[in-house]
Structures are given as C-alpha cells and as structure tokens.
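**Student:** The following block contains the structure, expressed as structure tokens.
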Amino acid sequence: MTLQFQPDMQVKPDVAAFFDPQTNTISYVVKDPASNSCAIVDSVLDIDYAAGRLSYDSADKIIEHVKANGLTVEWIIETHVHADHLSAAPYLQEKLGGKIGIGDQITIVQDTFGKVFNEGTEFQRDGSQFDRLFADGDTYQVGSMTAHVMATPGHTPACQTHVIGDAAFVGDTLFMPDGGSARADFPGGDAGVLYDSIQRVLALPDTTRLFMCHDYGPNGRDIKWETTVADEKAHNIHVGGGKSRDAFVAMRTARDETLDMPKLILPSLQVNMRAGDVPTDKDGNPMLKVPLNKL
Ligand SMILES: [Fe+2]
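Heads up: the sequence shown begins at 1276 in this note's numbering, then just goes up one per residue.
Shown next as structure tokens:
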C-alpha cells in the first residue's frame, strides 16, 4: 500500500483530548503550534435518552478549553456518522465558529437511513447540511498546517482518517492495539473494505501518532486513546502481525454477529446525519423517531 501524499512529520500539532465516559468517545482539539488556529474532531452532545433530554457538559468543556487558550476554531470535523453518540457540531459552531466537515460518502448514509427513518423530501440526501464534504485526497488548512483526508470506509461508507502533520485521527477505523477494530455490520459496512482501509492507515510512517475515537478499556485497563502506527502494526489483536484479509473478515463477521446495537444508535443517526441538527415534527418541536424492526 503506497500513500497518495507525503505526511509532514516535522509538523507536530498540539492535541488536547476530551473523554466522555457515557459513550467512551474521545473528542479532540487539534492546535497549530505556529498559530492560534485549531480544529475540533468528533464532539459529543450529551443525551439522557430515557428522559429525552439533551445537555451540553461535554461540549462546554471544549468551549472552555478553546476560550481559555484564545484559540480560533477553523474546522469542526466528523470522522464519520457516529452511531453511538450525538454530535455537538452545531452547538460548537454557534459558540465558536468554524466550518463543519464530513466525508462525501455521507450521501450514501443519508440515503440508507433516510429510508430507515422514513424521512420526507424535506430531509436532503445531498450532504448540504454540512459546510464541506471531503473527497478522498482532499486537503484543508488549520492555520499553517495542511490536513490530508484519507477515505477509510468499512465501519461505515463515509468514514475518513484526517492526517495533520505527524498526527492522524482515525475515527473508528482502528481501536487501541488491545481493542482491535470497530464493527463492520451497520448498513453500508463491510469487513473486507475495513481491512483495506486499515492498511491505508498502517501505510503512514511508523512514528505517526494515531488518535482513537473510542476506547473501552479492555481487560480492566485505564482508558487510552493514543498509539502509533508501529504499535498497531505489531500488536493490534485484529490486524497486527500481518493478519490476512480473509482471516480478518472471518473474525470480524463472526464477532459482529454477537454484538447488540449501540444504546444510542437511533437518536445518534437521526441527529448526526443532519450534521448534528435535531429533527423537528411538523409543528417545529424537536422530536426523535423509533422505527420498529428496521435495524
Ligand atoms: Fe462509529
């Protein structure tokens, strides 16, 4: 696997991590060392699903950090349409500015789940809810840093890895070495495609810092979110040591059959496929649906 771009390993962004214990999600503020510019990656909007109540503690922690450090938010990035937590992108954008970006394959996700939720024609399936749709190979600036976008589908069709200097934000393409990889059985997921995407990430330089979107602290260890390409190549329990594509697909498929749906998949998809906007009923009230027997 050869890379389509040259990572600039001399650029070392300052990365601040924010762990949400409710959903085991890690959000990041990625700062340009040469300016006050930053990007926010994979934010979290808190929900008490049983009560139907939203709150903003996780997002407010990020806002506090941005303000305390005098940062300018240029981008609010989603590595994919998350199925286990809601995005706080619109809330952050209102308070801090910045453009909301996601992969251009979002249109496939919107088409699939537009049907699941029986959305009307007012729900656009063209990705227009987002400020920017990234194609594979696209670049964008965070201050003086150039970010490179790599399509890494498999967990979902719209998954991407964002490479900024020596740091890569892999979304759910990989977990920490002892966590392996994310499931590939959601509609539009594909274990073989995920394997190929993981190889793209592992083709980055060995010392690339990899930042996970999730960690569940397997075997009782403390939560971690940062590793390296070299560490994943050597030790990842699902793909490390040169595991073959066939072996990975067999393992992943068998394992996915045992997994329950994430607790927050229904609210997450309805909100995240709208770039974090909450849907409304015909009278304009914020309202979520529970489609029966669809997932
Ligand atoms: Fe995910």
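Just so it is clear, CB atoms sit at the ideal spot from N, CA and C, and this is done for glycine as well. None of the values given here were measured: they were computed from a predicted structure.
#1: Please list, in chain order, all residues with a C-beta atom less than 7 Å from at least one heavy atom of ligand 1.
#2: Using DSSP with H/G/I as helix, E/B as strand and the rest coil, what is LYS1518?
#3: Note the first and the last residue of the continuous alpha helix (DSSP H) segment covering VAL1476.
#4: For ILE1381 and ASP1406, which I take to be in contact (beta-carbon distance under 8 Å), what is that distance rounded to the nearest angstrom?
#5: Should GLN1368 go down as buried or exposed, given a rule of 16 or more other Cβ atoms within 10 Å for buried?
#6: May I ask which residues mark the beginning and end of the beta strand (DSSP E) holding VAL1445?
#7: Who are the near neighbours of LEU1563 in its chain, counting only those whose CB is closer than 6 Å to its CB and skipping five residues on each side?
#8: Between the Cα of ASP1317 and the Cα atoms of GLN1285, VAL1445 and LYS1390, which residue gives the shortest distance?
#9: Expressed to the nearest angstrom, what Euclidean distance is found between the alpha-carbon atoms of ASP1295 and SER1302?
#10: Any contact of the stretch 1426-1433 with the stretch 1324-1340, i.e. 3+ C-beta pairs under 8 Å?
#11: Are the Cβ atoms of ASP1359 and ILE1540 separated by less than 8 Å?
**Tutor:** This is what the structure gives:
#1: HIS1355, HIS1357, ALA1358, ASP1359, HIS1430, THR1431, GLY1446, ASP1447, ALA1457 and CYS1488
#2: coil
#3: 1466-1477
#4: Incorrect: roughly 12 Å between the Cβ atoms, too far for contact.
#5: buried
#6: 1442-1446
#7: PRO1542 and GLN1545
#8: VAL1445
#9: 8 Å
#10: no
#11: yes
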